[in-house]
Amino acid sequence: MLTFAFRKLLTLVGTMIGIAALTFLITNVAPGDPARLVAGPNATEDMVATIRSEYGLDKSLPEQFSVYMGDLARGDLGTSIVTTRPVLEEVMRYAPATLELVFVAMFLGIIVGVPLGMLSAVYKDGPLDHVTRIFSISGVALPAFWFGIILQLMFAVDLGWLPVSGRLPLVTRPPEFYTGLLLVDSLISGRFSTFWTSLQHIILPAIVLSFPCLASILRVNRAEMIEVLQSDYIVAARAHGIASYRIVALYALKNAMLPTLAMIGLRFGWMLGSTVLVETVFDWPGIGLYAVSSALSSDFKPVVGVTLMIGFFFIVANTLVDLAYAWIDPRLRRA
Amino acid sequence: MTEPLLDIKDYRLHIATFDGAVHVLKGINLTVNRGDTLGIVGESGSGKTVLVRSVLGIGPRNSKVLQGSIAFDGQDITHLSEKDWTKIRGIRISMIFQDPMTYLNPLFTVGRQIADVIAAHEKAAVNGVSSKAARRTRTEELLDQVGLPNPSMLFSQYPHQLSGGMRQRVLIAMALAGRPDILIADEPTTALDVTVQAQVLDLINSLVEKLNLTVIMISHDIGAIATIAKRCAVMYKGEIVEQGLTSDILNRPQHEYTQRLLAAVPDIDAAAEKLPAEPAATEPAKPGILLEAIDLKKVYRSQSGAEFTAVNSLSLSVKTGEIFGVVGESGSGKSTLARMLLSLIEPTSGDVIFDGTNITGLAGEPLRQMRRHMQFVFQNPHSALNGRHTIGDAIGEPLRIQTSMSRRDIEARAEALLDIVQLPKSFKYRYPHELSGGQKQRVCIARAIALNPRLLILDEPTSALDISVQAQVLDFLQELRSELGLTYVFISHNLAVIRQICDRTIVMKHGEIVEQGRTENVFLAPREAYTQALIESGRKTSQAATLRPGS
Amino acid sequence: MTATSIETPVETSVEANRPLTFRERHASQIRQWRLYAHMFRKSFSSMLGLTLVVLFLLLAAFGPLLAPYPEAASGAINMSAKLQPPSAQYLFGTDEMGADIFSRVIMGARTSLWIGVIITGLAAIIGVPLGIIAGYSGGWVRAVIMRITELFLAVPGLALALAIVAALGPGITNCVLALAIVWWPGYVRLVEAKTLSVKEELFVESARSIGAKTPWILWHHILPNCLSPIIVKISMDMGMAILSAASLGFIGLGALPPAPEWGAMISVARTYMPDWWWYSLFPGAGIFLTVLGFNLLGDGLRDILDPRTRDR
């Protein structure tokens, strides 16, 4: 098990290097001239040339690449043109907000998706199954940005139950920094009213973000449960007189959890990607919003920084999923 | 006389499908008394599995009982509620299954799975659940009872760490956990090797004696039934055509189907009926060797670097016109050998010489040319045909690849080939899934002989088929050989089949030849202990057992 | 080589020499298609999906004929009619330039269709061959292809596409290109996995044993057996590609106004919230129904094409 974990760690590092190379390729081999993009449409040739040398863009590609990788190894993601601050510092500042949003959304997706999938598999072709089927397919088809706007209209503007956007009202002083996750920090510092406010703020974006995820977890779990429930060993368990609820909740669920876990890992990455949409709609100060506003002002260092960061979170999540896999499935534990 | 333990009366059941309802069971009448050992014999599609599963209330989906009833110990269990079943399933009636790999949950330890069954039974009996330690003790007892060594270590092992025979014993232990009144055994030996089959049958027999079990065993293997069951019933197309004492049925079969079935079972103790066609007659000038393997060796290397020798320094020579048998259990390397002979797998070292040409190391065009002369017939006809090609395409494929015949000529040739393998011409428009196993194997043979090869390598060509179909295909293969002047390398785990048709035979174990010689000599006077054990185990599952019913 | 001694066991041979009719020759296929049609018709959601997709295709084909104000799509300005609520004259209301939103939504169907077709088409054309090659050949070829594929899959698609568009510059062509670049690895992984399992089938070995060359095996044996999941994925991906392009349009990096693209429309509409709610409602509904249609269709196709989920 330990060697297994160690091997996974090595793969993690390797993939990270690969992603770094990939982002380099994308930003540098692209036909556009990044310097001209940065300089803007009205820049003179001189200005473009200055920017080019300033960014090291006049060097050869391999040279640029080694500089880029060297910077990365030192944790230097470059500087934002708009804010003139180091990208790493800004990404670290915005990342907790995104992670908090994704964690809450993932939590929602799992606690609703897994039981619903299980129930609709057990009562296959029943009324609940039909409802969840429609629900799960429309969940994937909903445009997150549009859904967000509709929810804002209904619950924030019309009903006034929840705040329209943001993480905390401007007047509220954020709690002391422990983890960067407001829900956690406010609890640690004992400020329950702040906890309540930030919970109210996170509900709508988390629902929007978790909806497609919930839908696909539900689908996978349902499909796997149906298949597992028809498998020989479940037939055998029934034949040996083990109670139905035990078969479903214990035996079959564990078997069906394997593909569901894979889907959870996959959807974690998808959510990280979708934060660019949801954070834009809800003005959520995370790395997604940071990437979008940088991209719109042709400030591509932050965009690359955020891409790397999202890739990193995704790989870590996948590694955790792999470990969970091995923990559940004894056949993977060998070697 | 007390009332029977199990009483099935005029039981009819159908399954709904797209093409309409299929009547799977048509008026089954069957009684089992306490202490009985009943065997149910039948080929695939006879409905025997559906029948015994109905007894446990785990029949197929979309099935409907039309008529009749099943009574267990005086209680009608035909339409029992799921809740009432929990008092019967696994406790009073329990079951062991065909394939021990798929019937154990891969994610839980062996001990946990058995202990859970014990807990479930205790809960159903309303006696309260015993302590974890007590269940563990009981589990280890059960494991010991089915002859598994070192139960306490086994307790915490996972199914994938056990061999097939051990898994089957675990399943038996699980079935015995509730001290059942009836034990149903659904093809308990089919997925196992010959020697392991014999051990499992012995185990069931000893348990019957020790625990005074009532057993219903279903099997397509009459030998296995004869070893276990005192009474037996023969099922055919959803009906019981004949039932009575096993010895009576085996010695004096009344129904025409039973007679056909018994005649089709190859007999390990009988010499080949028809003497093989004289091989020398076809090619007198060259009485020589068609295929030769010299010092063949295949070593597989796993990802972790461990080496596994599948075939080790093996030499053999096949004479022109003979049927050359290769016998071995699973893992003996016989399939690897077959594929090396055809250059489908590259040997690690050694040579294969076909008609004077060394074919190892051939590649590209010369190898393609060579393939015309030697063809392969695979074990499983169900997956040897591409489901997306029509039968006509499948038979025509070798011609399209190897010759420049026109499309129309190929069509005509495919029809002629269908004729040779005794299938109607209209089959060329059909798809494999519409054909039966025997028909598919005929198509595979037609495909193999399309290019007029000289050598056919047959890898367990009948082991996926029913017994009566197996007999037909074997007869047909012999006819074909004398007509086309072919040479066969015939690979099988079934000794009776080998004895029936092979001229010379080698016995393989762990990638090496244990014994070789003329088939008759090997069977009548085996020199090696392994060969003797193999033949002895084979007897239990062959017609030979019918001579000593219930022994 | 005659079979005179052997009797044909099945069917009478009286009519055997009569040429078979088309119906008889293709009886197997006809039955298969009837079974498919039966299963498809039986499922409400599949039929709903098919209806939505057909509706969408009709809109895309005949949009200019159906739209009451076709000039609205090309950015015609009519300030006197700006931001009017839905009415009989303007079914979905008008936007800040006074253009008819109903017309723009209809015209948007064609934009979305070609976005979807190009993205999934490019992705499949790149991904399917690579997947088959990787799955069948093994060794270092497979290692190289799969490592690169995994790298692409290691970054969430939308984030990677955003980075690519940021480098290329905004615009609909760049957006489609970026999405195609992040989309093909999905096909490689699907087809590679399928190829790995198909290649273990005996019929592939059987084809090798009769001397078939690799291209023959790939074309006649591997590809046909990989087709079902590819078809299902293409159907699903049409929807998801349209959704992703609309997402980039919403961010402001995809289609730029006044192009009639649903995502870009919502992007502008967002600034007119909440008073002019109809502006974002209808384009969004267009995206939702289109994506839903393709997903339901793909799901229905999976049910009939994938034998794992088939009961008979």
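Residue numbers (this note's numbering), protein chains in the order written: chain E, 337 to 671; chain C, 1275 to 1825; chain B, 465 to 776. Glycine is no exception: its CB is placed at the ideal position from the N, C-alpha and C atoms.
Sequence-distant partners of residue 517 of chain B (beyond 5 residues in either direction) whose C-beta falls short of 7 Å from its own C-beta, in its chain, are 757, 758 and 761.
At least 8 Å separates the CB of residue 356 of chain E from every CB of chain B. DSSP places residue 1343 of chain C within a strand segment (E or B) once states are collapsed to three. For the 8 Å CB-CB criterion, residue 1300 of chain C and residue 1512 of chain C form a contact.
The segment 581 to 590 of chain E and the segment 523 to 541 of chain E do not touch, with fewer than three beta-carbon pairs separated by less than 8 Å. Think of a sphere of 8 Å around the beta carbon of residue 1676 of chain C: the chain B residues whose beta carbon falls inside it are 674 and 675, in chain order. At least 8 Å separates the beta-carbon of residue 1367 of chain C from that of residue 1281 of chain C. Taking a Cβ-Cβ threshold of 9 Å, the residues of chain B close to residue 1704 of chain C are 491 and 492, in chain order. By the neighbour-count definition (other C-beta atoms within 10 Å, threshold 16), residue 496 of chain E is an exposed residue. Of the other Cβ atoms in all chains shown, fewer than 16 fall within 10 Å of the Cβ of residue 1528 of chain C; this residue is therefore exposed.
Secondary structure of residue 1602 of chain C (DSSP, three-state): coil. In terms of beta-carbon proximity, residue 1382 of chain C stays away from the interface with chain B, with every pair separated by 8 Å or more.
Counting only unbroken stretches of 3 or more residues, the beta strand (DSSP E) elements lying wholly within the segment 1634 to 1721 of chain C are 1648 to 1651, in sequence order. Taken atom to atom, the span from the alpha-carbon of residue 1542 of chain C to that of residue 1769 of chain C is near 6 Å. Those residues of the segment 727 to 752 of chain B placed with their C-beta closer than 7 Å to a C-beta in chain E are 730, 734, 737, 738, 741, 744, 748, 751 and 752, ordered along the chain. Between residue 1490 of chain C and residue 1612 of chain C, the C-beta spacing is not below 8 Å.
Close partners of residue 530 of chain E in chain B (Cβ separation under 9 Å) are lacking, with about 27 Å as the shortest Cβ gap. Not flagged as an interface residue toward chain E: residue 1417 of chain C, since no C-beta distance is shorter than 8 Å. The beta carbons of residue 583 of chain E and residue 573 of chain E sit closer together than 8 Å. Per DSSP, the continuous beta strand (DSSP E) segment holding residue 1288 of chain C begins and ends at 1280 to 1291. Secondary structure note for residue 1569 of chain C: its beta strand (DSSP E) is the uninterrupted segment 1563 to 1575. According to the DSSP assignment, residue 757 of chain B belongs to the alpha helix (DSSP H) that extends over 742 to 769. In terms of CA proximity to residue 580 of chain E, E:458 leads the group E:379, E:394 and E:458. Sorting C:1724, C:1706, C:1713 and C:1708 by C-alpha distance to the C-alpha of residue 1676 of chain C places C:1724 at the top. By the Cβ neighbour-count rule, residue 420 of chain E is exposed, with fewer than 16 other Cβ atoms within 10 Å of its own. The CB of residue 620 of chain E never comes closer than 7 Å to any CB in chain B; the least such distance is about 14 Å. Residue environment: residue 341 of chain E is assigned as exposed (fewer than 16 neighbouring CB atoms within 10 Å of its CB, all protein chains considered). Cβ-Cβ distances below 8 Å link residue 415 of chain E to 421, 422, 423 and 637 in the same chain, with the five nearest sequence neighbours on each side left out; the list follows chain order. Annotation: residue 658 of chain B is outside any beta strand (DSSP E); the continuous alpha helix (DSSP H) that includes it extends over 636 to 663. Residue environment: residue 502 of chain B is assigned as exposed (fewer than 16 neighbouring CB atoms within 10 Å of its CB, all protein chains considered). An exposed status is given to residue 513 of chain E, since fewer than 16 other beta-carbon atoms sit within 10 Å of its beta-carbon. Each of C:1801, C:1635, C:1704 and C:1643 was checked against the Cα of residue 1667 of chain C, and the nearest Cα belongs to C:1704. For a Cβ distance threshold of 8 Å, nothing in chain C lies close to residue 350 of chain E: the least Cβ distance comes to about 18 Å. Under DSSP, the beta-bridge partners assigned to residue 1782 of chain C are C:1787.
Secondary structure at residue 539 of chain E: helix, using DSSP grouped into helix, strand and coil. Beta-bridge annotation (DSSP): residue 492 of chain B is not paired with any residue.
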